[in-house]
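*Asks:* Sharing a structure, written as structure tokens. Questions coming.
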Amino acid sequence: METPPTPAHVQPDEEVDIPSGTISLDLDLNPGLEDDNDNSANPFTGNTPRETPLNTPFNTRNETPLSMASNGADGMETAGQDAQSQGPSAQRGVSPPQLVSRDISISSWTLPFEESFELLQRQFNEGAKHEPITLAQQSKFINYVDGELLQIQRKFIKNQSESQVTYSLGQLIGDLSPVIDLLWFSISDHECLFGQEEYYVKILGDLDDWISYYSFPSLATRSTADIAFHVKFFDFFQRLDTQVSFLMDGYDASCHFWKMSPTEVIRLSPIVMRLRLTIISRLEHSRETLSAARNVSANDQALNILDVEIGRLLEGILERI
0 METPPTPAHV QPDEEVDIPS GTISLDLDLN PGLEDDNDNS ANPFTGNTPR ETPLNTPFNT
60 RNETPLSMAS NGADGMETAG QDAQSQGPSA QRGVSPPQLV SRDISISSWT LPFEESFELL
120 QRQFNEGAKH EPITLAQQSK FINYVDGELL QIQRKFIKNQ SESQVTYSLG QLIGDLSPVI
180 DLLWFSISDH ECLFGQEEYY VKILGDLDDW ISYYSFPSLA TRSTADIAFH VKFFDFFQRL
240 DTQVSFLMDG YDASCHFWKM SPTEVIRLSP IVMRLRLTII SRLEHSRETL SAARNVSAND
300 QALNILDVEI GRLLEGILER I
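Going left to right, the sequence shown walks through residues 0 to 320 as numbering that gives the first Met the number 0 numbers them.
Set out below in structure tokens:
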């Protein structure tokens with residue numbers, strides 16, 4: 000086997016052009032680690048299928064979790080148009096409300112838990128089954144999720160040291176959403192549990208710390224951005240609720256029944272209860288403002304919707320604890 004020739008050394012007074020450009024995301028840094036056939040069929044490599052199964056109408060777009068990671072932080076800021084076209088009313092065949100008008104004409108922002116959970120189960124049952132992933136691929140998955148969560152934590156800590164908000168709650172949830180989607184994707188592919196349930200417990204615990212730091216915008220403004228924030232916020236938590244509830248019930252995969260262990264459920268119980276109280280306390284200002292101006296029809300409607308969504312917060316997990 001011939002070796003490539005050694006390039007000529009650059010003279011001290013000679014100028015050269017340094018190659019520039021981006022490295023492909025599909026670059027395999029360790030080509031001998033896995034077989035090519037495994038890489039072409041596995042969802043945790045570069046060839047992730049385009050149809051990512053998510054469980055709510057707000058997440059039926061054909062995007063993979065990794066592709067969503069590139070624009071996740073902006074999703075919360077530009078959610079107005081998405082909320083118009085992908086909300087629960089659109090799922091039921093009803094024309095979605097125009098958020099640009101300052102009237103709220105819908106009864107809720109999310110589906111009832113049972114409907115959303117039924118959609119999740121149906122997508123799992125109808126999902127394609129692939130070959131089990133290897134230990135090396137599991138290690139790649141864990142390293143990726145650990146890295147994403149570490150980046151979110153670093154941004155949050157940096158924001159705390161700033162005099163003004165540089166990393167909003169909307170951006171945080173936008174960064175966290177593709178991580179949640181990837182966790183669910185690894186389960187919906189009919190794979191065994193290799194630590195996903197522990198990530199869910201950790202994320203719920205971290206959310207309590209993160210949310211307690213932020214203040215929420217008031218719905219009394221009836222602005223598109225504030226409404227869109229609340230729509231995406233409650234949609235995000237319904238996804239968490241249905242996915243964790245699914246793991247608490249358990250599922251069959253690889254000739255085995257997988258579910259959260261009793262120890263993990265015990266750990267989850269105080270975390271979820273504390274997180275729910277934290278969210279309710281952050282929404283109290285908005286509730287009080289709306290309640291004080293209930294004589295305005297739009298405020299009364301917004302208050303009713305907010306109360307419905309608060310009632311649905313993590314209800315599936317709480318029912319199973």
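Cβ coordinates follow ideal geometry from the N, Cα and C atoms, glycine included. As the structure is a computational prediction, the values presented were derived from the model and not from experiment.
(1) What's the C-alpha gap between residue 223 and residue 231?
(2) Alpha carbon to alpha carbon, how far is residue 208 from residue 22? Give it in angstroms, no decimals.
(3) Quick one: Cα of residue 176 to Cα of residue 149, how far?
(4) Drop a sphere of 10 angstroms on the beta-carbon of residue 119, count the other beta-carbons inside from all chains shown, and report buried for 16 or more, exposed for fewer.
(5) Could you spell out the range, first to last residue, of the alpha helix (DSSP H) harbouring residue 209?
(6) Throw me the rounded Cβ distance for the residue 305 and residue 286 pair, which I believe falls under 8 Å.
(7) Bridge partners for residue 257 per DSSP, in chain order?
(8) Have a look at residue 303 and residue 123 and give me their C-alpha separation to the nearest angstrom.
(9) Quick check: the segment 244 to 262 against the segment 185 to 194, are there 3 or more CB pairs under 8 Å?
(10) How is the alpha helix (DSSP H) around residue 155 delimited, first residue to last?
(11) Per DSSP, what kind of secondary structure is residue 169 in: helix, strand or coil?
(12) Which residues mark the beginning and the end of the alpha helix (DSSP H) in which residue 121 is found?
(13) Could you give the distance in angstroms between the alpha-carbon of residue 164 and the alpha-carbon of residue 127?
(14) I'd like to check one pair, residue 241 with residue 107: are the Cβ atoms closer than 8 Å?
*Replies:* Quick answer:
(1) 12 Å
(2) Here residue 22 scores only 47 on pLDDT, less than 50, and its place in the model should not be relied on; the value that follows carries that caveat. Roughly 36 Å between the two C-alpha positions.
(3) Taken atom to atom, the span from the alpha-carbon of residue 176 to that of residue 149 is near 14 Å.
(4) Burial call: buried.
(5) 195 to 212
(6) 6 Å
(7) Beta-bridge analysis with DSSP links residue 257 to 250.
(8) 33 Å
(9) yes
(10) It spans 134 to 159 - the alpha helix (DSSP H) in which residue 155 sits, taken as one unbroken run.
(11) helix
(12) Its alpha helix (DSSP H) spans residues 112 to 125.
(13) Residue 164 and residue 127: Cα-Cα distance of roughly 43 Å.
(14) no
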